[in-house]
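Single-structure report; data block below.
Chains as they are written, first to last, in the working numbering: chain R, 99 to 401; chain W, 151 to 409.
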């Protein structure tokens, strides 16, 4: 039984279809990643799933309840980590958790018992009485995550949970998310960090212009869409080399600024050719999710 | 949820109201003093200063006349400020509403909580002024206790109207229009500082439509120890403004935030 299922979801803004027929089902305990460039429709899809906006067509079932009709009771079993920090700046760390627990109709006693566990989980026990303004970005994110867990939800929505964090803070968040998955929680994660999706998500969908353009495990997507070897080449004369030799040897070439990306099933001939090109510098690496993402959504900027 | 369906009313607004109460409690003393200082300066400054040059107004010393107006006016101002600047901060600047709506609380619950909170806070302001009025001996009548029952209605009326304005605001600057076009004219035309009857007929006609006129029409007789004529009618006018404002606010907030 899916904890979240959407069927042929559609949403229009000003005549533009920002969610254009999206269907998916998420099983309990799964970590599902929703990837896509800015404006792809990820956040709108999450808002639709939470019942915060009505779809123009299609159906949603969240925790076995119809959304938007029964969205409010469905949300009692759901936690949300929003993209933007919206902690209460007037409150301390533990007051933020306390006040948020009341919105779920939890008793003062239940909240009181839950707060120390959550502070421990977020590594904020020593900061329980601190004001929000004194917290670092990573602490705020951890508190937002703890706040989303106040009702011990079965399903957690996370909208770009590590955007703007330094690597230490990001790794700590990832480690906590893995703990939650180990406890059997379901996570729906939007991100544009491919590394984050590769580490955490068993299954993911890449979304662009309101549609899911591919779906599968990170490994499946790499096998399905991209050659296994990538050689990134740059330096003087790279264009000359690319148009001459590389275009024959690589199965696919992409130019981005001063760098040429060569994709190949067998990199040996390309590497041999590069060995004779003293001017060029190169990096040979296995293909990853980011290559899939850029191939499918293009390299041009999205704002 | 349909854009125009009536506001859903439930006790789910209570935790949101308590959130605002907790913030207020941290700043309660400066907040009360701030709310009290402005109307008090008016009552004392105009009441004694201007009042000493005036004969009796409406059969009582000017300061006693003015005190009733100031109770209503400061209750209105308090509800208006809370439902505009503070609610706008919570909605638009701090995104507090977004966080709340991720929990099992709907936008209608949040709007009702904001209205109830603006009214609650304005009652505190009104009671504070009333206490000063009693302490200064400007009203000795037992009937004046009834004003305490009137204050929530004044708070709901002006809180609801201000929330409808907040729902349309793109920035804090927008609120200046409301103050210039409605709050200031109400303070000057609705019998706060002088009897409405002193105005030219055209202004009197306008004043009759403005809600503050009806609040003053109930509060002043009560403070002066008289039973207000047409009290039920005046209360119904306030109630109608409160209901219309609340409904408009709910629809406008839905259109803004649930799209």
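Ideal Cβ placement from N, Cα and C applies to all residues, glycine included.
Bridge-paired residues (DSSP) for residue i
i, result
"residue 190 of chain R", "R:229"
"residue 192 of chain W", "Paired residues: none, contrary to the question."
"residue 280 of chain R", "DSSP lists no partner for residue 280 of chain R."
"residue 353 of chain R", "R:358"
"residue 123 of chain R", "R:103"
"residue 379 of chain R", "R:332"
"residue 327 of chain R", "R:362 and R:384"
"residue 297 of chain W", "Per DSSP, none; premise fails for residue 297 of chain W."
"residue 157 of chain R", "R:105"
"residue 289 of chain R", "R:133"
"residue 111 of chain R", "R:114"
"residue 163 of chain R", "R:160"
"residue 255 of chain R", "R:178 and R:286"
"residue 304 of chain R", "R:133 and R:312"
"residue 210 of chain W", "W:207"
Short CB-CB distance (under 7 Å) between residue i and chain W
i, result
"residue 182 of chain R", "yes"
"residue 225 of chain R", "no"
"residue 359 of chain R", "no"
"residue 252 of chain R", "no"
"residue 197 of chain R", "yes"
"residue 190 of chain R", "no"
"residue 178 of chain R", "yes"
"residue 201 of chain R", "yes"
"residue 174 of chain R", "yes"
"residue 151 of chain R", "yes"
"residue 170 of chain R", "yes"
Best match in the options for proximity to residue i [C-alpha to C-alpha]
i, options, result
"residue 273 of chain W", "W:291, W:263, W:297 and W:258", "W:297"
"residue 386 of chain W", "W:300, W:348, W:288 and W:280", "W:300"
"residue 337 of chain R", "R:317, R:359 and R:328", "R:359"
"residue 303 of chain R", "R:196, R:207 and R:129", "R:129"
"residue 196 of chain W", "W:354, W:343 and W:394", "W:343"
"residue 318 of chain W", "W:162, W:233, W:283 and W:186", "W:233"
"residue 289 of chain R", "R:299, R:200 and R:119", "R:299"
"residue 208 of chain W", "W:294, W:202, W:198 and W:346", "W:346"
"residue 164 of chain W", "W:333, W:295, W:376 and W:256", "W:256"
"residue 167 of chain W", "R:398, R:200 and R:153", "R:200"
"residue 107 of chain R", "R:297, R:146, R:211 and R:276", "R:146"
"residue 134 of chain R", "R:321, R:276, R:280 and R:117", "R:117"
"residue 357 of chain W", "W:235, W:378, W:335 and W:376", "W:335"
"residue 126 of chain R", "R:259, R:286 and R:152", "R:286"
"residue 396 of chain R", "R:136, R:131 and R:121", "R:136"
"residue 173 of chain R", "R:373, R:257 and R:160", "R:160"
"residue 197 of chain R", "R:248, R:228 and R:183", "R:248"
Proximity test, Cβ basis, 7 Å: residue i and chain R
i, result
"residue 253 of chain W", "yes"
"residue 406 of chain W", "no"
"residue 182 of chain W", "no"
"residue 245 of chain W", "yes"
"residue 173 of chain W", "yes"
"residue 165 of chain W", "yes"
"residue 380 of chain W", "no"
"residue 188 of chain W", "no"
"residue 250 of chain W", "yes"
"residue 258 of chain W", "no"
"residue 169 of chain W", "yes"
Residues near residue i by beta carbon distance below 8 Å, same chain, minus five either side
i, result
"residue 185 of chain R", "194, 230, 238, 241, 242 and 245"
"residue 261 of chain W", "157, 313, 396, 399, 400 and 403"
"residue 210 of chain W", "374"
"residue 170 of chain R", "149"
"residue 200 of chain W", "212"
"residue 305 of chain R", "120, 132, 133, 134, 138, 139, 140, 143 and 311"
Cβ-heavy atom distance, residue i to the ligand COA, below 6 Å
i, result
"residue 251 of chain W", "As for the ligand COA, it is missing from this structure, which has no ligand bound."
Proximal residues to residue i (C-beta, below 6 Å), its chain only, five neighbours per side dropped
i, result
"residue 309 of chain W", "229, 233, 265, 268 and 269"
"residue 241 of chain W", "247"
"residue 223 of chain W", "337 and 342"
"residue 296 of chain R", "316 and 387"
"residue 178 of chain R", "246 and 255"
Sequence-distant residues of the same chain with beta carbon closer than 7 Å to residue i, five excluded per side
i, result
"residue 388 of chain R", "292"
"residue 154 of chain R", "108, 109 and 110"
"residue 153 of chain W", "401, 404 and 405"
"residue 206 of chain W", "none"
"residue 156 of chain R", "104, 105, 106, 107 and 108"
Please confirm if the region 235-249 of chain W is in contact with the region 275-291 of chain W, defined as three or more CB-CB distances below 8 Å between the two stretches. no
So, does the region 368-380 of chain W touch the region 212-219 of chain W, judging by three or more C-beta pairs under 8 Å? yes
Could you tell me whether the region 340-355 of chain R touches the region 306-315 of chain R, where touching means 3 or more Cβ pairs closer than 8 Å? no
Closer than 8 Å is the cut-off here; do at least three beta carbon pairs connect the region 183-190 of chain W with the region 207-216 of chain R? no
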